[in-house]
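Step one of this worksheet: look at the structure below.
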Amino acid sequence: MSTRSQLTKDLNESVKALLGKRVKILLKNVVRLEVKADKTENRVLVFSPCRLFLLTAKVPTRIDYHFHYLEVQAIESKKQNQLCLSVGDKVFSFLTSEESGSCEVDAMIQALSTAIRNIFPTVPLTHIIRKVDVHPQKRIQHLREGEFLRGSEVRGLGPCDGFSTQYACMCDFHAMPYRDEVAWDVDTIYLSQDTRELCLKDFDHLDSKDLVPIISALEFNTWFTKLRASNIKLTHETLDRILHVMKKNFSIEELYLDNLGVKWEFAHRLSLSLISNTNTALHTLDLSNNMIEDKGGSHLSTPLSKVPKGLVHLNLAHCGLTSKGVNILAHSLSLNKLMPNTLTYLNLSGNNLKEDVNNLCNFLAQPNMITHLDISGTDSSLETVFGALLRGCATNLVHLNVSRNTFNTKKAKEIPPSFKQFFTSTLTLKYLNMSHCKIPLEALKNLLLGLACNESTTDIELDMSCNSLGPQGAHVLESCIHGVHAIGTLDISENNMDVELAAVVTAASKNKSLKHLHMGRNMANIKAKHIASIMDALVQMLQEEDCVLQTLAIPDSKLKSDLYNLINALGSNQCLQSIDISGNLMGDAGARLLAKALQINSKIRSIIYDKNNITLQGYSDLAYALESNYTVRYMPIPLYDLLPCMKINAEKADTLMKKIQDVLHRNVSPKKYSNGQAFRLQQGFLMSSTQQMVDRLVIQTQETIKTLAQESTDKNNDINYATGLIQDADNSKQLLPRLHEVVQRWEETGNPIDLRLKQMAEELHTVTVNYLQSCLESMMKCVEEQCPTVLGDERVPAEIRKMCREKNFLDPAFIQSCIVEQAGTNIMNKVNELNLAVTTHVSDRITDEVIESLSRCHKSLCGDISKKRSSTPDVLRTMSRVSSDSSRNEHSESFAMSDASQQSDPSPMATPHLSTKRKSLHGRKLRPKSVVDNIDGMSADDIPDLLPSLPTSAEESLDSVCELPPPAQQLQHLVKGRPRRAKTRAPSRPTLRPPTEDTVDNFFSLRPGSVTPTTPLISPTSDDSSSSFVAELSSNHCQDAPRSVSSDSLEKFAPSPITRRVGSIEISREEESGEETDTSRSGSRSRSDKKQKQDGECECMTTSRVRSLADSLRSPSNGFAVPKSPILRSTCNSVNCSKGKPPPPLAPKPRPWSMAGTERKSGDF
0 MSTRSQLTKD
10 LNESVKALLG
20 KRVKILLKNV
30 VRLEVKADKT
40 ENRVLVFSPC
50 RLFLLTAKVP
60 TRIDYHFHYL
70 EVQAIESKKQ
80 NQLCLSVGDK
90 VFSFLTSEES
100 GSCEVDAMIQ
110 ALSTAIRNIF
120 PTVPLTHIIR
130 KVDVHPQKRI
140 QHLREGEFLR
150 GSEVRGLGPC
160 DGFSTQYACM
170 CDFHAMPYRD
180 EVAWDVDTIY
190 LSQDTRELCL
200 KDFDHLDSKD
210 LVPIISALEF
220 NTWFTKLRAS
230 NIKLTHETLD
240 RILHVMKKNF
250 SIEELYLDNL
260 GVKWEFAHRL
270 SLSLISNTNT
280 ALHTLDLSNN
290 MIEDKGGSHL
300 STPLSKVPKG
310 LVHLNLAHCG
320 LTSKGVNILA
330 HSLSLNKLMP
340 NTLTYLNLSG
350 NNLKEDVNNL
360 CNFLAQPNMI
370 THLDISGTDS
380 SLETVFGALL
390 RGCATNLVHL
400 NVSRNTFNTK
410 KAKEIPPSFK
420 QFFTSTLTLK
430 YLNMSHCKIP
440 LEALKNLLLG
450 LACNESTTDI
460 ELDMSCNSLG
470 PQGAHVLESC
480 IHGVHAIGTL
490 DISENNMDVE
500 LAAVVTAASK
510 NKSLKHLHMG
520 RNMANIKAKH
530 IASIMDALVQ
540 MLQEEDCVLQ
550 TLAIPDSKLK
560 SDLYNLINAL
570 GSNQCLQSID
580 ISGNLMGDAG
590 ARLLAKALQI
600 NSKIRSIIYD
610 KNNITLQGYS
620 DLAYALESNY
630 TVRYMPIPLY
640 DLLPCMKINA
650 EKADTLMKKI
660 QDVLHRNVSP
670 KKYSNGQAFR
680 LQQGFLMSST
690 QQMVDRLVIQ
700 TQETIKTLAQ
710 ESTDKNNDIN
720 YATGLIQDAD
730 NSKQLLPRLH
740 EVVQRWEETG
750 NPIDLRLKQM
760 AEELHTVTVN
770 YLQSCLESMM
780 KCVEEQCPTV
790 LGDERVPAEI
800 RKMCREKNFL
810 DPAFIQSCIV
820 EQAGTNIMNK
830 VNELNLAVTT
840 HVSDRITDEV
850 IESLSRCHKS
860 LCGDISKKRS
870 STPDVLRTMS
880 RVSSDSSRNE
890 HSESFAMSDA
900 SQQSDPSPMA
910 TPHLSTKRKS
920 LHGRKLRPKS
930 VVDNIDGMSA
940 DDIPDLLPSL
950 PTSAEESLDS
960 VCELPPPAQQ
970 LQHLVKGRPR
980 RAKTRAPSRP
990 TLRPPTEDTV
1000 DNFFSLRPGS
1010 VTPTTPLISP
1020 TSDDSSSSFV
1030 AELSSNHCQD
1040 APRSVSSDSL
1050 EKFAPSPITR
1060 RVGSIEISRE
1070 EESGEETDTS
1080 RSGSRSRSDK
1090 KQKQDGECEC
1100 MTTSRVRSLA
1110 DSLRSPSNGF
1120 AVPKSPILRS
1130 TCNSVNCSKG
1140 KPPPPLAPKP
1150 RPWSMAGTER
1160 KSGDF
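When the count follows numbering that gives the first Met the number 0, it moves up by one through the sequence shown with no breaks and lands on 1164 for the last residue.
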């Protein structure tokens, strides 16, 4: 009788009650267990999905023994009624009745194999159970062919090749609780991302023991090809499971174990695991930041030399290796014949390679496929390294990092030729990092010249930061960088180039392949007077029409107000897309200027602006400006500056940051820009000063024509030509709007680009709908093939088609939005930008031609006029009146030219002065200065700038603060005539003191004998006396102008003792206007008295020039009111006596700067 019949109902119920409902029973069978050689006992063998239970055959039953399927090491069946299972050190031999033959044994083998295959569907049974010996072989033939009674192939593999089932199996194997969140994360997140990398950091919130079944699930999983266990602390048990997985798994290709804190022992055990797994697919190994030392490196050398498919990626950075360990590893790489053709990434940075690494150089010198090489911070000899790179890596190397290494040669002449030859011959190099190398000047020169001769590679990122190049290195860069067209990104941060950095920037502006420039931390030790020239070079670079710079980074430079010029240049910039101005302490004034620039800029995408001492007011200005900006997309939250603001008003700070981030989120989606704003912006740039200039030239030419027509009639041709030029001049003023109207009319009549995009959208919609319909029919055909019975009824497929048509309906508006609104927006924005550039160039060019033609014509006509000038006043002379005295007229005219651009008349009704020379487009695009930083009620421009710089060109002389005296006059130093303060000690020799009465008249009437004998003064009755005070004041003003005047520098640049004495006679501000009027009237009355005029000549001429200087220093923010400075009030009270009548109206300054205390630059409004 069969043993199956011995499984009675009571025994069956007892088995179910013992195992419970949570254990699924796949097969139950009563067998005889061989206890001894001639003794057997009945047992109940129960197969569950993961375990095999051996129960007693009595009621009530109990578990005699149980084991996991993964513990089974061998399956043997040499007799038809016998089944032997080897589990650890034990061997279980089960017998069935001879009557049943092999059926019961085959059923048990099939149940066991089916359970294992359901857990690990993609792995052969022999890979899990090392030995399967069944006689005859045909009994398990169906298992090898994959024919299962349970139909596992119909169920499918499940997400990630059944990882959840494998994880549950491993939880049972290790007796760990099953975590539903782990299965959900893998089945949902990992599957949706289609990732093949299992990252243990995703589960580091669990207990360390919970990581063991997760890692073990990879043992026979074929979905995951990458295992990353980076930057986490793993227990010894967890590390052991990783080693066990690497010993069994044949699908993991990449293993990342960086920064785990393991030692050389782990490297030794890992090498043993890799050696024992002959089927390993590993090609990427990362053990960086683990102190495996030379011992671990020597152990790893064995498996590296035997990797069956060769390594692709090897990272052993910061592993405590020395030259000895690296030489052993390099030798093993050379032994593997596949390695030169497979290895593309090699990182040995942070190891100590001071001694010779001949094996590494030999490996690099042979032809290889390395694209990424990092040996930074290894103290390697760069001469030797580049010699090896020239021979083996010049063809494929893309990324090279040799930073923090040195040149062994102490003399520049000893730089080997291979260094330059490598940069000449490299074909694919894109990144080169040579920072912190203390590179010699000769090596720098060879590097740049080598890249200049290289025509194979382009857009290289060159990092030369922290090399202490100094001024000499700056000279090398200046002489070479403009011709190195292979460089696309240049980093010269922290090189202490001093003032020579300006020349480097100028040279870099000539390199039209340079798109990204990093130059931070270079201006910390530069003198204040030199920073202005560097910033001017940057502004000039950005304002060039052919500028291609896309990224500019000047972080941590502490520029303060020196940054304002650059920010003002951003408004009209059309090339820069990313800028980093963090760490410059620009304050709220800089934030206000940046806000102004962002309101009109349409190119900048990214701004980094932290560490600038910006308060809530500055962020409010930025938030307001960003509302009208649709291009800025990235402005990281300024954490350093925001923290103090949160302490002051957390709610307002949060509101402003949210507002800024909302605007940035809005700007991510494309938006079609109207070219109206850009057109009006260009119109302002081009016509701000041009129209008035053209009008003046036209009036001047008309007056000349009238004079010429009255005197002669033989110049009709010239007159007709001039008349035509006048007509062209009038038309040129409206040329830019007319060109804009032409483009607008073309768009209104039907832009062909829009029409074509709409047609394309309609065509694409039709194609997409047809594609969706074809896909639906293919799906229905597949369903009919798979389930023909269900679809036998015609109603079912009809309903399915109807519902599917509703599901896959494509709205035409979607295609229209994608093509016309998104892609079309970018296209039309670019088209409008190009049209605007063309119209701007045409209008500007025509205007220049009109001005030049009018100027030439006027000069030609003036050559034919008699010496007697026309009675019509010259409209270009706004500061003087025509007088019969030619010398006086010329003097007044030169005086006007020097001071007109900066002076302001006290009368608010004065006619604004307009320059007679048209500014360059560069100057017109710079935003004019306005005062935004007031100190104690005093505008920054009210602070006397005692050291303005001298004008360097004719154009700058128009904007200069002071006027140099004529060469014939003798210059006197102001300090020598300054009264000394009272001494507390008795003098060692007799001295003469100045008069005690502190009045302006007494001061200017001082005789040489009334001051210190060592100070020579000119008599007030001499010819040179009229310029002595002005010459002294001018000499004091025209040397080493400070870049800016702030509250902390008020005391430094305070008025001199003389000017304090002059200001001490003032009374209240209400009395000043009356005194000024009285002084002006007394001056006009003294004009009729010859003696008074002679006696007061010195005082009047001097104070008139002081008035010129004082007016030039007045703040435009105060309108036309009397200045607040004591010096300027005192000089204003006496200035009107310079002539017999009040001076002509002075032109006010253009719209004020937001740069507090900065001086006027050439080309600025």
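We treat Cβ as the ideally placed atom computed from N, Cα and C, and that holds for glycine.
Just so we're clear, the structure is a prediction, and the values are computed from it rather than from any experiment.
How many angstroms separate the CA atom of residue i from the CA atom of residue j?
i: Asn326; j: Arg604; result: 48 angstroms
i: Gln542; j: Asp201; result: 49 angstroms
i: Val795; j: Val789; result: 8 angstroms
i: Glu264; j: Asp293; result: 11 angstroms
i: Lys1169; j: Leu446; result: The chain is shown from 0 up to 1164; residue 1169 falls before or after that span and cannot be answered.
i: Lys353; j: Cys479; result: 32 angstroms
i: Phe422; j: Gly449; result: 5 angstroms
i: Ser571; j: Gln598; result: 10 angstroms
i: Thr370; j: Leu389; result: 14 angstroms
i: Asn395; j: Leu363; result: 12 angstroms
i: Ile934; j: Gly749; result: With a pLDDT of only 38 at Ile934, under the threshold of 50, the placement of this residue in the model should not be trusted; the figure read from the coordinates follows. The straight-line gap from Cα to Cα measures roughly 57 angstroms.
i: Asp555; j: Ser379; result: 31 angstroms
i: Leu18; j: Lys801; result: 51 angstroms
i: Asn807; j: Leu771; result: 7 angstroms
Consult DSSP for residue i and reduce its assignment to one of helix, strand or coil.
i: Lys1165; result: Since the first and last residues shown for the chain are 0 and 1164, residue 1165 lies out of range.
i: Ser605; result: strand
i: Phe52; result: strand
i: Val133; result: strand
i: Asn314; result: strand
i: Glu493; result: coil
i: Val631; result: coil
i: Val34; result: strand
For the alpha helix (DSSP H) that contains residue i, what are its first and last residues?
i: Lys528; result: 527 to 542
i: Cys774; result: 751 to 785
i: Gly324; result: 322 to 334
i: Lys801; result: 794 to 806
i: Arg591; result: 586 to 599
i: Ser272; result: 263 to 275
i: Phe406; result: Note, Phe406: premise wrong, no alpha helix (DSSP H); not H, not E.
Would you grab the beta carbon distance between residue i and residue j for me? Rounded to a whole angstrom, and I think it's under 8 angstroms.
i: Leu1174; j: Val475; result: Any question about residue 1174 goes unanswered here, given that the chain covers just 0 to 1164.
i: Met169; j: Ala216; result: 5 angstroms
i: Ile553; j: Leu593; result: The pair is not a contact, with the Cβ atoms about 14 angstroms apart (cut-off 8 angstroms).
i: Ser76; j: Val104; result: 6 angstroms
i: Leu54; j: Val71; result: Actually they are not in contact, since the Cβ atoms of Leu54 and Val71 sit about 18 angstroms apart, beyond 8 angstroms.
At a cut-off of 7 angstroms, is residue i close to the ligand MN when judged by its beta-carbon and the heavy atoms of the ligand?
i: His474; result: Inclusion of the ligand MN in the displayed structure is not the case, the ligand content being empty and no account of it being possible.
Tell me which residue opens and which closes the beta strand (DSSP E) that residue i is part of.
i: Cys83; result: 81 to 86
i: Cys198; result: 196 to 198
i: Lys353; result: Premise fails: Lys353 is in no beta strand (DSSP E) and is neither H nor E.
i: Thr488; result: 486 to 490
i: Gln72; result: 71 to 76
i: Arg95; result: First, the residue type needs correcting, since residue 95 is Thr and not Arg in the sequence shown. Where Thr95 is concerned, there is no enclosing beta strand (DSSP E), given that its DSSP letter is neither H nor E.
Would you check if the distance between the CB atom of residue i and the CB atom of residue j is smaller than 8 angstroms?
i: Asn335; j: Val311; result: no
i: Ser275; j: Lys246; result: yes
i: Phe219; j: Ile127; result: yes
i: Thr505; j: Glu460; result: no
i: Ser402; j: Asp355; result: no
i: Asp587; j: Gln616; result: yes
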